[in-house]
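Heads up, the thing below is written out as C-alpha cells.
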Amino acid sequence: MTEVQATPGQGTQMIDRTVSLVRLVATYCPKGARLTDLAKESGLPAPTARRILKRLVEHGVIAQDESQHRYTLGRFAYELGLSTNQITRDAARFRPLVEELASVTQATIYLLLRSGLDSICVDRVDAGANHKCPTLKIGDRLPLGVGVGGMALLAALPEDEAERIIAANAPVYGRFVRTTGSRFREHLEAARRDGYVVRRSPVTPGIVGFGLALSTLGGPAHVAVSGATEAANFAEPRRSAAVAKMRELADRHLAVRA
Numbered sequence: 001m002t003e004v005q006a007t008p009g010q011g012t013q014m015i016d017r018t019v020s021l022v023r024l025v026a027t028y029c030p031k032g033a034r035l036t037d038l039a040k041e042s043g044l045p046a047p048t049a050r051r052i053l054k055r056l057v058e059h060g061v062i063a064q065d066e067s068q069h070r071y072t073l074g075r076f077a078y079e080l081g082l083s084t085n086q087i088t089r090d091a092a093r094f095r096p097l098v099e100e101l102a103s104v105t106q107a108t109i110y111l112l113l114r115s116g117l118d119s120i121c122v123d124r125v126d127a128g129a130n131h132k133c134p135t136l137k138i139g140d141r142l143p144l145g146v147g148v149g150g151m152a153l154l155a156a157l158p159e160d161e162a163e164r165i166i167a168a169n170a171p172v173y174g175r176f177v178r179t180t181g182s183r184f185r186e187h188l189e190a191a192r193r194d195g196y197v198v199r200r201s202p203v204t205p206g207i208v209g210f211g212l213a214l215s216t217l218g219g220p221a222h223v224a225v226s227g228a229t230e231a232a233n234f235a236e237p238r239r240s241a242a243v244a245k246m247r248e249l250a251d252r253h254l255a256v257r258a
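Just so we're aligned: the sequence shown equals residues 1 to 258 in full-length UniProt numbering.
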C-alpha cells in the first residue's frame, strides 16, 4: 500500500483554516453562524468548511444547533478558556483604571484586549451611563477597526501591520460597519492624528463613543478603554478636558503597574 504523504505546508494550511473558522464562529456568538456565512467570510468552499466544522463539532470545540443550522463555540472551547488565566490577570490589572475612568466620565467603560485580528471585551464598569447607550458584553469579539475601542487599537499599530489587518478582515467588516471605504479611512486617519477616537453612534441618536489605546512596556498597544455617553457630555471644551484626564489617569496607572 502506498503511504499518502502530506505536501509541504499542507498541515499548516489546514491549521490556519481551522483556526480561522473557530475565530469567525466566535464573532457570531451568541446567536451562531450559518455555514454559508462562514464559507463566504473564510473564503473556503462550503464542502471544505463543512468538513472542518464537522470535526470541530466532534471534538467539542464547536457546537451545532441542528434545528437552527447554526454553529457556536462548544463546551471544550470554554474549558480551554478556563485553563488560562492571562485574560483574568489583564482584567484585574486594569480594573482600578476602568473603575476610575467610569467614575470620572460617568459613562460605561469597557476594557478591550487585542486578540490577533480582533478585539475582545474583558471587563466593563457602569457608572451613571444612559441605558440607551449601545453596550458590549464581556466576551464580545469584534474585528479590529470596528467600534471606537477597536479603531483606537488599529490606529495605534504601525501602518503596514494595520493594512494587513484591514485586508484580512475585509470579508467580515460588512457585518459590523456600514462602510469600509473612504469614511472608514477618514476615521482611521483621525484616530492616528488625535491619538483617540470619538464618534457619534450610527444607531443611537445623541450618543457618542470614545476610545483610547494604551501603550504598555513601550510596545504597540494591545489594550484599549472605550466608553459611551450622551453627546452633550462630550462636547467641546469638555471633550478635550475629558480626554486629557483619561490620558493622565492611564499614564499614572501604567507607571504604577510597570
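We treat Cβ as the ideally placed atom computed from N, Cα and C, and that holds for glycine.
Within the UniProt domain "HTH iclR-type" (12-75), the beta strand (DSSP E) runs of at least 3 residues that lie entirely inside it are, in chain order, 62-65 and 70-73. Secondary structure at D90: helix, using DSSP grouped into helix, strand and coil.
Boundaries for A221: no beta strand (DSSP E) harbours it, and the DSSP string shows neither H nor E there.
With a contact defined as Cβ atoms closer than 8 Å, V25 and L44 miss out at about 13 Å. Within the DSSP secondary-structure output, D118 pairs in a beta bridge with S115 and P143. Look at E161 here: in three-state DSSP terms it is helix.
For A190, the enclosing alpha helix (DSSP H) stretches over residues S182 to D194. Distance from A77 to V61 at the Cβ level is roughly 5 Å; contact confirmed, criterion being Cβ atoms closer than 8 Å. A Cβ-Cβ separation of about 7 Å places L142 in contact with T27 under the 8 Å criterion. Excluding the 5 residues flanking it on each side, A213 has same chain C-beta neighbours closer than 6 Å at A152, L153, A156, A221 and A224, in chain order. For D140, same chain residues with a beta-carbon under 6 Å away, outside a window of 5 residues either side, are C121 in chain order.
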